[in-house]
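Trainee:
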Amino acid sequence: MHQITGKTLLGFLLALTTAVLWGVLPIALKILLEVVTANTITAIRFLAAAVIVGVWLGFRGKLPTLVLLKRPKLAVLLAISIVGLLLNYILYLTGLDRLSAETAQTVIQLAPFLMMLGGIWIFKERLLLWQKIGAWTLVTGLLMFFNERLLTLIAQASSETLGVLLVIAAAVTWAAYALAQKQLLVNYSSKQIMYLIYFAGALAFIPVSDLQPLATFSTLQWGLLLFCCLNTVVAYGAFAEALHHWEASKVSAVLAITPLITIGSAKLLAWIWPELVRAQELNGWSLVGACLVVAGSALTALAPQFVQYRAARKVRKLQRDVL
1 MHQITGKTLL GFLLALTTAV LWGVLPIALK ILLEVVTANT ITAIRFLAAA VIVGVWLGFR
61 GKLPTLVLLK RPKLAVLLAI SIVGLLLNYI LYLTGLDRLS AETAQTVIQL APFLMMLGGI
121 WIFKERLLLW QKIGAWTLVT GLLMFFNERL LTLIAQASSE TLGVLLVIAA AVTWAAYALA
181 QKQLLVNYSS KQIMYLIYFA GALAFIPVSD LQPLATFSTL QWGLLLFCCL NTVVAYGAFA
241 EALHHWEASK VSAVLAITPL ITIGSAKLLA WIWPELVRAQ ELNGWSLVGA CLVVAGSALT
301 ALAPQFVQYR AARKVRKLQR DVL
């Protein structure tokens, strides 16, 4: 069993770095989607990540061996991981093309919640009281976030409706990837798994990408594309390193603030570059809803910690009574 180092501040800073990178990412992607297709962005991100992670693993002699994949169970799990994350990337980008960055990043918060439900269904994990409260808080927050747009989303088959459905589908496929990867970690490191996924993603998306728009890219657009490519590797690397130093539930709780970072970043960038970034006009109910989504996601992640804390307090009380 993996033992964390207990370096709380380092773990927190790494988790916060991941949250900031993931929070700003949809804004950069949204700008790029105006000039290049979702398939092309995804292909380039996967190719860059495969090269960077592949070189890193190669220098350390840790490139994954495929011999283990002769076991049918491992092959199936890897296939689920690959298909799950590839679909997550393209569904999220396609949905983002129809939504604001703020809306997409709020809806995708369903992903860890769906992973929790998957763990309960597949691994027969117990749903704790605080997880139930967190789940209801998250769902309530999503409904409040859309408030006056909710009836329009349901009653009319608009572009925004399709965008929301695509991002929900992206959350489902991410949950499938995460649950399968959890089982693969017994035989492969997280970097080895990600390398195989990046490599497969590059092979899958390069043939269906359109590279012609790259010839007319401005310096800013190249910078944004480079940022998105590095974000793929650095964010996941910081996330994995955070788990090495800090409890997974606490890391997840920090990552829950990602939608608020997206909302705040969009407002700031729209003020600095109004011709480049358009922030979504959110009313008070939407902002409260976004905060509830964050609170629900964090509460769901921290629920096991609450149970452990209460159990530890009971043990200490019994020890004091005995003494």
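If you read the sequence shown in UniProt numbering, its first letter stands for residue 1, the second for the next number, and so on. Ideal Cβ placement from N, Cα and C applies to all residues, glycine included.
In or out: residue 15 buried (at least 16 other Cβ within 10 Å) or exposed?
Mentor: Flag for residue 15 reads buried.
Trainee: Please report the residue range of the alpha helix (DSSP H) in which residue 10 lies.
Mentor: Taken as a continuous stretch (DSSP letters only), the alpha helix (DSSP H) holding residue 10 covers 8 to 32.
Trainee: Are residue 127 and residue 116 closer than 9 angstroms when you measure CB to CB?
Mentor: It is a contact, given that the beta carbons lie within the stated cut-off.
Trainee: Taking its Cβ as the centre, do 16 or more other Cβ atoms sit within 10 Å of residue 22, making it buried, or is it exposed?
Mentor: By the 10 Å Cβ count, residue 22 comes out buried.
Trainee: So residue 262 and residue 27 are in contact, right, with Cβ under 8 angstroms, and what is the actual spacing, rounded?
Mentor: Right, the Cβ-Cβ distance comes to about 7 angstroms (below 8 angstroms), so this counts as a contact.
Trainee: What is the DSSP secondary structure of residue 250, counted as helix, strand or coil?
Mentor: In the structure shown, residue 250 sits in a helix (DSSP, three-state: H, G or I).
Trainee: Less than 9 angstroms between the beta carbons of residue 166 and residue 91, yes or no?
Mentor: Going by C-beta atoms, residue 166 is nearer than 9 angstroms to residue 91.
Trainee: Have a look at 288, 108, 217 and 69 and flag the residue whose alpha-carbon is nearest the alpha-carbon of residue 144.
Mentor: It is 288.
Trainee: How many angstroms separate the CA atom of residue 302 from the CA atom of residue 111?
Mentor: So the alpha carbons of these two residues sit roughly 16 angstroms apart.
Trainee: DSSP state of residue 278, grouped into three classes?
Mentor: Here residue 278 sits in coil by DSSP.
Trainee: Helix, strand or coil for residue 82? Go by DSSP, reduced to three states.
Mentor: Three-state result, residue 82: helix.
Trainee: What's the C-alpha gap between residue 294 and residue 260?
Mentor: So the two alpha carbons sit approximately 8 angstroms from each other.
Trainee: Please list, in chain order, all residues of the same chain as residue 130 whose beta carbon is under 7 angstroms from its beta carbon, the five residues on each side excluded.
Mentor: So the list reads 299, 303 and 306, once near-sequence residues are dropped.
Trainee: Taking all protein chains shown into account, decide if residue 247 is buried (16 or more other Cβ within 10 angstroms of its Cβ) or exposed.
Mentor: Buried: at least 16 other Cβ atoms inside 10 Å.
Trainee: What number of angstroms, rounded off, separates the C-alpha of residue 234 from the C-alpha of residue 18?
Mentor: Approximately 8 angstroms between the Cα atoms of the pair.
Trainee: Could you tell me the distance, in whole angstroms, from the CA atom of residue 8 to the CA atom of residue 63?
Mentor: Between residue 8 and residue 63, the C-alpha separation is close to 30 angstroms.
Trainee: Determine the extent of the alpha helix (DSSP H) in which residue 273 is found, giving its start and end residues.
Mentor: Note, residue 273: premise wrong, no alpha helix (DSSP H); not H, not E.
Trainee: Beta carbon of residue 146, beta carbon of residue 265: below 9 angstroms?
Mentor: Taking 9 angstroms as the Cβ cut-off, residue 146 and residue 265 do not qualify as a contacting pair.
Trainee: Hey, would you say residue 170 sits closer than 9 angstroms to residue 108, going by beta carbons?
Mentor: In contact: residue 170 and residue 108 (Cβ atoms closer than 9 angstroms).
Trainee: May I ask you to report which of helix, strand or coil DSSP gives residue 127?
Mentor: Residue 127: coil per DSSP, three-state reduction.
Trainee: Touch check for the segment 77 to 93 and the segment 190 to 204: three-plus C-beta pairs under 8 angstroms?
Mentor: Contact between the segment 77 to 93 and the segment 190 to 204 is present, because at least three Cβ pairs lie under 8 angstroms.
Trainee: In terms of residues, what are the limits of the alpha helix (DSSP H) holding residue 192?
Mentor: 190 to 205 is the extent of the alpha helix (DSSP H) around residue 192.
Trainee: Residue 195 and residue 67: beta carbons closer than 9 angstroms?
Mentor: No.
Trainee: Can you check which of these residues, 180, 239 and 272, is closest to residue 123 by C-alpha distance?
Mentor: With distances taken between Cα atoms, residue 123 lies closest to 180.
Trainee: Measure the CB-CB distance between residue 292 and residue 141 and report whether it falls below 9 angstroms.
Mentor: Yes, these two residues count as a Cβ contact at 9 angstroms.
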